[in-house]
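Taken in sequence, the protein lines are chains V and D.
Following my numbering, the numbering of the first sequence begins with 1 at its first residue and continues without gaps.
Following my numbering, the numbering of the second sequence begins with 458 at its first residue and continues without gaps.
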Amino acid sequence: MPLLSLPHGVRRRRGAASVTTVVSVLAAISLAACSGPGSSSSTSAAAVTPTAVSTAVGSTPTTLTLFTGAGTKAFSQGLADAFHAKYPAITITLQVEADNNYNTVLPRLLASNSPPDIAAPSDLLQGVKDNLLTNLDPYSQAYGWSQKVPSTILAAGEVNNGVIGSGPLYEAGGAAGPLVGVFYNKSLAAKVGMTQVPATLADLEAVMAKAKSMGITPIVASNGDGLIGHLYDLLLAEYMGPQQLLDVVWHKPGATLDTAGARQATATLADWMKKGYFNSDANAINQDASYGEFASGKGLFMVQGTWITQALPKAFAGHYGIFPLPPKTAGGTVVSMTGNSLAFSIPAHSTHKDAAALFLNFLTTPEAAKVAADNGYPSAVGASATTLSLTMPLTDQIQAGYSEVAAGNGFTQWLQNADTSMTPALTAQLQSLLAGKTTPDAMVSSLQSTYAAALGQ
Amino acid sequence: MSSHAPTTAAPGRASAPRTGLRRLRAGAPAPGRRRRSWAGWLFALPALLFYVVFNLRPIIENVQYSFYQWDGIGPSTFVGFTNYVHVFTEPQLLDSLLHAFYLILFYTLLPLVFGLIAAATMREIKGKLTGTLARITLFLPQIIPGAAAGVAWTWMYSSNGTVNQFLHLIGLGSIARPWLGDYTWALTAVGFIGTWLQTGFVTLLLMSGIGGIDASFYEAARLDGAGPIAQFRHITLPGLKQQIGVAVTVTIISALASFDVVYLATQGGPGYQTMVPGIAVYNLAFTANRVGAGAALAVVLALVVIAVVLPLQRLFKED
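The structure is reproduced here in structure tokens:
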């Protein structure tokens, strides 16, 4: 592959001079990029903290852009419509991206000169580090969010020196999020004689063993995309403790994945694999295919988040339910990963920060909470305590399960959220574990080394 | 991709380009020697500008990035050759390079074998309609984008897909499995998608070559009592040397630099079993936000491609 393929005649006579010209042009071009790629942190830091904020923008005609994944489009549209109904002068248009491109596209949009005005960053720590997100403290004071939203909820949006949990606020809004738990097929549950919610992991295993003996696949999972990770994260939270997992995700100093709990959780997953509790093609299929298999009665359970109620076939509604993963021991902590679906950030380069902050304030209202609940994102605030049963309707099950987790402080985060490099690492490790090609101990060590490398340790 | 290879493999005497130039000159109003060459540059300028801005510049920038630790957005740190050390010490990155070489078997060797058989067979097909039909059928996979083929083949390889249905039908149900999720067979399964895609291209290329072989050679051979196999060995194969060279070059590049088919079919899984450099670069740069490491692997990949292709160019050069 010659770098410059010039016609022979030309090359012979003017070769040397022409090459010099081209090289000098190249040099001139590359000189511009000589100082190392990326922005320098000092120049863009100014955009992060707004100096003068206004809350009286509800009647100023404005168009805001809200960035959303395709999977949560209906939810985002619901929020946009409810907001517009309250403030008719402000219109919110959606910028929709395919879910699997979300993490790749959003950081680059945030860094551009025309970012969306409202977005939920896929990596809050990196967004803050790169000066891409607005410091919301002035708005929090102006609107009094600390009085409206529980401090534990706000803490998830606070970042200080690369650690989440305290410091300036960068992501805020209301308080509602998905429940990740065990979806079950009602008719198959009746077939295997599951008449009540399993009280412990052992009870759940007993149900799965029985299903297996009857020729029913106990758990439908998609792991071509690594989504058996939902179950894995739940097991990690149970065996490590939800706060310990959260410490890892939030980069708390000293937090480590290399614990006995993590190894037990991994061993449990490997054990279920060995017993044949998963569909045989789990490593080959992606989430959409797993929805199809579950909805067509190919398996008893599917461990997923409540956002999939928007994606499961409408005809399947009423034929399935959900309960949180049972605790290790009866009465133990019930866990779930969640994210605040009602919390958003304002990109540092947004030109409509005041109006966007008004939207964040709107997310603290009951109107917004209702939109969230309708889309499978319950809230623990103001919910009445009911015990989850297999007979109650799905929305009640979601709310009861969510409240149960909230009551025991069992909420935690996906391990993948610790760092962007964790996603491909975890997917590959889970696939290897499911294929029996790695051991639980080796998997935990490998994940810990990826985590340590990501933290620059 | 396919455009540069044929020109590089063009005959050493370069008679064809000369004629082209002469025809061009005849149209110009008798220019002098100096002005003539400048006029040539003028014509080339727009294309050259695009080439420099959209081809050379990104390559140079990529090389530059490979010496930095950079998350793609924020400030960057110069780290020297650290990223290259990673490429050669992280086992999955090194494995990805080996996988790419394994794919050459399926992207180059098999298509070449199938293509030679198909092209030689089609030379014998006399009917105009059957000949056209056969050509279209063989070339069809080539006009389907690799990404679409990747999606279609995930269905064919799934538990209840065509491949497993066929295996059940012929009594081999015991080896049926979700191929793309199988730890041992995933890379081979991906490879066969490549075979399916490349065979049409190789066949078409070889057929055009066969068309250029003087028919009297075959006639003479037949008179001397050579059968179809002897004709193939002594006339078709040597006559196709250049086309085979082009086919090998192009398909090896697409094997080493494969991305779309593998990404759509397996994303490099299960585990790292089908991880190829193209996907590793993408994962590093855009998923893990390690742009420097991704750039370093891309540089290594480019060097590997050049190191493999350049000797081949020499091998297939007509002397």
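C-beta atoms are modelled at their ideal positions from N, C-alpha and C, and glycine is treated no differently.
Please report whether the beta-carbon of Asn283 (chain V) lies at a distance below 8 Å from any beta-carbon of chain D. Within the first sequence, numbered from 1, the residue matching residue 283 (chain V) stands at position 283. With 8 Å as the cut-off, Asn283 (chain V) counts as an interface residue toward chain D.
Find the residues of chain D that neighbour Thr423 (chain V), judging by a C-beta separation of less than 7 Å, and give them in chain order. Locating residue 423 (chain V) in the first sequence gives position 423, counting from the first residue. Listed along chain D, the residues sitting closer than 7 Å to Thr423 (chain V) by beta-carbon distance are Thr744.
For Ala428 (chain V), which residues in chain D fall below 7 Å Cβ to Cβ? Your numbering for residue 428 (chain V) matches position 428 in the first sequence. Going along chain D in sequence order, the residues near Ala428 (chain V) (Cβ under 7 Å) are Gly726, Gly728, Tyr729.
Taking only three categories from DSSP, how would you classify Pro168 (chain V)? Position 168 of the first sequence, counted from the first residue, corresponds to residue 168 (chain V). Secondary structure at Pro168 (chain V): strand, using DSSP grouped into helix, strand and coil.
Under a three-way DSSP split, which group does Phe596 (chain D) fall into? Stepping through the second sequence from its first residue, residue 596 (chain D) is reached at position 139. Helix at Phe596 (chain D).
List the whole-angstrom C-beta distance separating Leu447 (chain V) from Leu426 (chain V), where the pair is believed to meet the contact cut-off of C-beta under 8 Å. Here residue 447 (chain V) refers to the residue found at position 447 when the first sequence is read from its first residue. Here residue 426 (chain V) refers to the residue found at position 426 when the first sequence is read from its first residue. Rounded, the Cβ-Cβ distance is 7 Å, consistent with contact.
Comparing the C-beta of Ser523 (chain D) with each C-beta of chain V, is any distance below 8 Å? By 1-based counting over the second sequence, the position of residue 523 (chain D) is 66. Closer than 8 Å: no.
Anyone know if the C-beta pair for Pro598 (chain D) and Leu560 (chain D) falls short of 8 Å? By one-based count along the second sequence, residue 598 (chain D) stands at place 141. By one-based count along the second sequence, residue 560 (chain D) stands at place 103. No, Cβ-Cβ distance for Pro598 (chain D) and Leu560 (chain D) is not below 8 Å.
Neighbourhood of Ser711 (chain D) by C-beta, 8 Å cutoff - its chain only, sequence neighbours within 5 removed: Numbered from its first residue, the second sequence carries residue 711 (chain D) at position 254. The answer, listed in chain order, is Met458, Tyr564, Gly651, Gln655.
If you measure between the beta carbons of Tyr102 (chain V) and Gly69 (chain V), is that distance less than 8 Å? As a working mapping, residue 102 (chain V) is identified with position 102 in the first sequence. As a working mapping, residue 69 (chain V) is identified with position 69 in the first sequence. Closer than 8 Å, so yes.
Mind listing the chain V neighbours of Phe535 (chain D)? Cutoff is C-beta to C-beta under 7 Å, in chain order. Position 78 of the second sequence holds residue 535 (chain D). Those are Gly36, listed as they occur along chain V.
For Phe185 (chain V), which three-state DSSP category applies? Counting from 1 along the first sequence, the entry for residue 185 (chain V) is found at position 185. As written in the sequence, residue 185 (chain V) is Asn, which differs from the Phe given in the question. Three-state result, Asn185 (chain V): strand.
What three-state label does DSSP hand Phe563 (chain D) in the structure shown? One-based indexing of the second sequence puts residue 563 (chain D) at position 106. Phe563 (chain D): helix per DSSP, three-state reduction.
Hey, Val620 (chain D) and Val718 (chain D): beta-carbon distance below 8 Å or not? Indexing the second sequence from 1 puts residue 620 (chain D) at position 163. Indexing the second sequence from 1 puts residue 718 (chain D) at position 261. Taking 8 Å as the cut-off, the beta carbon of Val620 (chain D) is found no closer than this to the beta carbon of Val718 (chain D).
Three-state secondary structure (DSSP) at Met732 (chain D)? Here the question's residue 732 (chain D) lines up with position 275 in the second sequence. Met732 (chain D) falls in the coil class under three-state DSSP.
Starting from Gln141 (chain V), trace the alpha helix (DSSP H) in both directions and tell me its first and last residue. Along the first sequence, one-based indexing puts residue 141 (chain V) at 141. Segment 137 to 143, the alpha helix (DSSP H) holding Gln141 (chain V).
Could you pull the DSSP bridge partners for Phe411 (chain V) from this structure? If you number the first sequence from 1, residue 411 (chain V) lands on position 411. V:Ser336.
Can you tell me the Cα-Cα spacing of Gly630 (chain D) and Ala260 (chain V), whole angstroms? Start at 1 with the first residue of the second sequence, and residue 630 (chain D) comes out as number 173. Start at 1 with the first residue of the first sequence, and residue 260 (chain V) comes out as number 260. Straight-line Cα distance between these residues: approximately 42 Å.
What residue range does the beta strand (DSSP E) around Ile90 (chain V) cover? As a working mapping, residue 90 (chain V) is identified with position 90 in the first sequence. Here the beta strand (DSSP E) through Ile90 (chain V) covers 90 to 97.
Quick one: what's got a C-beta closer than 7 Å to Asn519 (chain D)'s C-beta in the same chain, skipping five residues either side? The residue given as residue 519 (chain D) occupies position 62 in the second sequence. So the qualifying residues of the chain are Ala752, Ala755, Val756.
Compute the distance between the beta-carbons of Val335 (chain V) and Trp250 (chain V), then report whether it is under 8 Å. For this step, residue 335 (chain V) is matched to residue 335 along the first sequence. For this step, residue 250 (chain V) is matched to residue 250 along the first sequence. Result no, Cβ atoms of Val335 (chain V) and Trp250 (chain V) do not sit closer than 8 Å.
Which residue's Cα is closest to the Cα of Gly603 (chain D): D:Arg592, D:Phe649, D:Leu590, D:Ala577? Within the second sequence, the letter at position 146 stands for residue 603 (chain D). Taking only the C-alpha atoms, the option nearest Gly603 (chain D) is D:Phe649.
Checking 8 Å against the spacing of the C-beta atoms, do Thr179 (chain V) and Tyr402 (chain V) come in under that value? Working through the first sequence from its first residue, we reach residue 179 (chain V) at position 179. Working through the first sequence from its first residue, we reach residue 402 (chain V) at position 402. The residue asked about is misnamed: residue 179 (chain V) is Leu in this sequence, not Thr. Between Leu179 (chain V) and Tyr402 (chain V), the C-beta gap is smaller than 8 Å, which places the two residues in contact.
Skipping 5 residues on each side, what residues in its chain have a beta carbon closer than 8 Å to that of Thr333 (chain V)? On the first sequence, residue 333 (chain V) is found 333 positions in, with the first residue counted as 1. So the qualifying residues of the chain are Glu238, Gly241, Pro242, Pro327, Gly408, Asn409, Gly410.
Give the DSSP bridge partners of Ser345 (chain V), in chain order. Start at 1 with the first residue of the first sequence, and residue 345 (chain V) comes out as number 345. Per DSSP, the beta-bridge partners of Ser345 (chain V) are V:Ala119.
Any chance the CB of Ser290 (chain V) is under 7 Å from a heavy atom of the ligand GTP? The model on display carries no ligand, and the ligand GTP is accordingly not part of it.
Check distances from the C-beta atoms of the segment 178 to 190 of chain V to those of chain D and list, in chain order, the residues that come in under 7 Å. Contact residues of the segment 178 to 190 of chain V toward chain D are absent (C-beta to C-beta distance below 7 Å).
Opposite Asn160 (chain V) in the DSSP bridges: which residues? Start at 1 with the first residue of the first sequence, and residue 160 (chain V) comes out as number 160. Per DSSP, V:Val163.
Segments of 4+ residues assigned as alpha helix (DSSP H) that fall wholly inside the segment 518 to 571 of chain D: Unbroken alpha helix (DSSP H) stretches of 4 residues or longer found wholly inside the segment 518 to 571 of chain D: 539 to 546, 548 to 561, given in chain order.
At which residues does the alpha helix (DSSP H) containing Phe362 (chain V) begin and terminate? Position 362 of the first sequence, counted from the first residue, corresponds to residue 362 (chain V). Following the DSSP letters along the chain, one finds Phe362 (chain V) inside the alpha helix (DSSP H) bounded by residues 353 to 362.
Would you call the segment 663 to 674 of chain D in contact with the segment 719 to 735 of chain D, where contact means no fewer than 3 C-beta pairs closer than 8 Å? Cβ pair count under 8 Å is below three, so no.
Determine, using beta-carbon pairs with one atom in the segment 220 to 236 of chain V and one in the segment 259 to 278 of chain V, whether at least three such pairs fall under 8 Å. They touch, by the three-pair rule.
Going by DSSP, what residue range makes up the alpha helix (DSSP H) through Thr706 (chain D)? For the purposes of this step, residue 706 (chain D) is taken as residue 249 along the second sequence, with counting starting at 1. 698 to 713 is the extent of the alpha helix (DSSP H) around Thr706 (chain D).
Would DSSP call Gln196 (chain V) helix, strand or coil? Position 196 of the first sequence, counting from 1, holds the residue named residue 196 (chain V). Here Gln196 (chain V) sits in coil by DSSP.
Does the pairing of the segment 290 to 304 of chain V with the segment 130 to 142 of chain V give three or more beta-carbon distances under 8 Å? With fewer than three CB-CB distances shorter than 8 Å, the segment 290 to 304 of chain V does not count as touching the segment 130 to 142 of chain V.
What are the start and end residues of the beta strand (DSSP E) that includes Val303 (chain V)? Walking along the first sequence from the start, residue 303 (chain V) turns up at place 303. According to the DSSP assignment, Val303 (chain V) belongs to the beta strand (DSSP E) that extends over 301 to 305.
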